[in-house]
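Everything on this sheet refers to the single structure shown next.
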Amino acid sequence: MDSRNIRLAVIPGDGIGVEVVAEGLKVLEAVGTKVETTTYDLGAKRYHETGETLPDVVLEELRGYDAILLGAVGDPSVPPGVLERDLLLKLRFRLDHYVNLRPVKLFPGVETPLGGVRPEDIDMIVVREGTEGPYAGAGGVMRHGTPHEIATQESLNTAFGVERVVRYAFDKALSRPRRRLTLVHKTNVLTYAGDLWARTVERVGREYPDVQTDYCHVDAASMFFVNQPGRFDVIVTDNLFGDILTDIGAAIAGGIGLAASGNVNPDRTAPSMFEPVHGSAPDIAGQGKADPTATILSVAMLLDHLGLDSEAARVEQAVADDLVERATGRAGRTTREIGDDITARVAG
Ligand code: NAI
Ligand code: MG
Numbered sequence: 160m161d162s163r164n165i166r167l168a169v170i171p172g173d174g175i176g177v178e179v180v181a182e183g184l185k186v187l188e189a190v191g192t193k194v195e196t197t198t199y200d201l202g203a204k205r206y207h208e209t210g211e212t213l214p215d216v217v218l219e220e221l222r223g224y225d226a227i228l229l230g231a232v233g234d235p236s237v238p239p240g241v242l243e244r245d246l247l248l249k250l251r252f253r254l255d256h257y258v259n260l261r262p263v264k265l266f267p268g269v270e271t272p273l274g275g276v277r278p279e280d281i282d283m284i285v286v287r288e289g290t291e292g293p294y295a296g297a298g299g300v301m302r303h304g305t306p307h308e309i310a311t312q313e314s315l316n317t318a319f320g321v322e323r324v325v326r327y328a329f330d331k332a333l334s335r336p337r338r339r340l341t342l343v344h345k346t347n348v349l350t351y352a353g354d355l356w357a358r359t360v361e362r363v364g365r366e367y368p369d370v371q372t373d374y375c376h377v378d379a380a381s382m383f384f385v386n387q388p389g390r391f392d393v394i395v396t397d398n399l400f401g402d403i404l405t406d407i408g409a410a411i412a413g414g415i416g417l418a419a420s421g422n423v424n425p426d427r428t429a430p431s432m433f434e435p436v437h438g439s440a441p442d443i444a445g446q447g448k449a450d451p452t453a454t455i456l457s458v459a460m461l462l463d464h465l466g467l468d469s470e471a472a473r474v475e476q477a478v479a480d481d482l483v484e485r486a487t488g489r490a491g492r493t494t495r496e497i498g499d500d501i502t503a504r505v506a507g
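Start counting at 1 in the sequence shown, then tack on 159, and there's your number in this note's numbering.
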């Protein structure tokens with residue numbers, strides 16, 4: 160791949176997904192890297208028109224790109240779970256996005272609901288397993304809708320799946336100044352899966368003597384996110400725990416409008432997919448009220464993944480500068496105005 164010429168698949172999706180992705184693309188273009196984009200109309204509209212969520216031919220086509228930028232999918236008119244499972248999770252599973260990377264970072268000038276914390280107190284990255292755990296779709300239902308209904312939802316944890324995400328997390332920790340890795344799980348109750356995770360961290364950790372490891376139960380970790388966020392650097396955790404923890408992370412680091420993420424295939428056997436953590440926000444869709452910052456920070460992660468480190472840093476710096484200015488009174492801008500301002504900083 161010539162990383163200077165990015166072939167990008169774009170899935171704007173539904174609701175504000177369309178609005179924020181437009182701003183993300185503007186910023187990407189301003190970086191000056193040659194980008195060839197192809198837009199895919201997946202989401203609620205396509206589902207209503209054709210009944211399709213993610214046809215296999217589209218999935219196969221998506222494999223040919225360097226990366227995917229996604230807005231958000233979901234609409235009140237579509238039964239819950241359809242787009243989430245058959246589109247979003249299918250993409251993550253089939254493209255083997257086994258790392259769901261979610262930085263939790265408080266930028267200077269950004270308000271946090273926590274008292275007395277400084278930006279340097281909230282600077283961590285959550286490495287959430289992306290293809291297993293309770294999200295694997297294992298389980299079933301019997302006697303549906305009767306008083307005797309039985310529903311099971313199993314958590315799948317494979318030695319292979321745990322080891323690869325744990326190795327990724329150790330490498331990530333090694334690349335950061337604090338070199339600290341925390342396993343978050345619930346080993347005292349979920350003893351089978353927990354034991355596999357704990358043993359894997361222990362064993363792989365012997366190969367990383369420079370990384371300091373520790374362990375935290377997920378309930379305690381939820382509390383520490385709020386009252387001692389500074390204790391975390393890199394966190395590695397299972398799919399469900401990571402999902403929940405990173406919403407707390409978004410809340411303490413300035414809200415869902417700023418939270419970026421990457422669904423990463425570190426082996427590069429398929430394109431990775433970058434998206435804001437938030438959903439399609441039907442309550443504010445089409446009104447120019449959505450904050451595109453999370454998408455723009457996801458674009459920075461995308462650039463970083465493609466080896467364009469300095470371009471990624473430029474985008475992140477432009478966001479950081481814009482956030483400082485917001486704090487000093489530039490509130491009330493529309494989605495497009497925020498996008499334009501950040502684009503101008505990147506270009507300038
Ligand atoms: P949501 O993230 O869409 O919205 C939650 C709240 O945050 C709303 O009040 C919304 O207005 C606000 N919000 C979200 N993003 C914002 C932004 N960029 N700027 C300003 N405010 C923002 O979550 P919700 O309401 O639970 O879900 C709405 C739909 O999105 C559902 O169909 C859900 O399944 C889907 N969804 C999709 C995701 C994805 O595509 N990755 C992730 C989460 C939800
Ligand atoms: Mg979530």
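We put the CB at the ideal spot given by N, CA and C, even for glycine.
Please read these numbers as outputs of a predicted model, since none were measured by experiment.
- A residue is called buried once 16 or more other Cβ atoms fall within 10 Å of its Cβ, and ALA471 is buried on that count.
- Checking the 7 Å criterion, the Cβ of LEU201 is out of range of every heavy atom belonging to the ligand NAI.
- In this structure, ASN398 places its C-beta atom within 8 Å of the C-beta atom of ARG287.
- Apart from the 5 residues on each side of it in sequence, LEU462 sits with its Cβ closer than 6 Å to the Cβ of GLU470 and ALA471 in its chain, given in chain order.
- When the five nearest sequence neighbours on each side are left out, the beta carbons in the same chain lying within less than 7 Å of the beta carbon of VAL363 are those of GLU322, VAL325, ARG326 and PHE329, in order along the chain.
- As a beta-bridge residue in DSSP terms, ALA168 pairs with THR197 and ILE227.
- Under a 10 Å Cβ-count criterion, ILE309 is classified as exposed, with fewer than 16 other Cβ atoms of the shown protein chains found around its own Cβ.
- The Cβ atoms of PHE266 and ALA410 lie no closer than 8 Å to each other.
- Of the heavy atoms belonging to the ligand NAI, none sits nearer than 7 Å to the Cβ of LYS249.
- Short of 6 Å from the beta carbon of PRO262, and not among the five residues preceding or following it, lie these beta carbons of its own chain, in chain order: ILE284.
- Among the bridge pairs identified by DSSP, PRO435 is matched with ALA419.
- One alpha carbon belongs to GLY210, the other to PHE319, and they sit about 35 Å apart.
- In the structure shown, ASP373 adopts extended strand secondary structure according to DSSP, grouped into three states.
- Shown here, GLU288 sits in a strand according to DSSP, grouped into three states.
- If you keep only unbroken alpha helix (DSSP H) runs of at least 4 residues inside the segment 311-343, you get 318-333.
- Shown in chain order are the residues whose CB sits closer than 5 Å to a heavy atom of the ligand NAI: ALA231, VAL232, GLY233, ILE415, GLY416, HIS437, GLY438, SER439, ALA440, ASP442, ILE443, ALA449 and ASP450.
- When ALA506, ILE227, ARG495 and PRO368 are compared, the shortest CA-CA separation from SER420 is found for ILE227.
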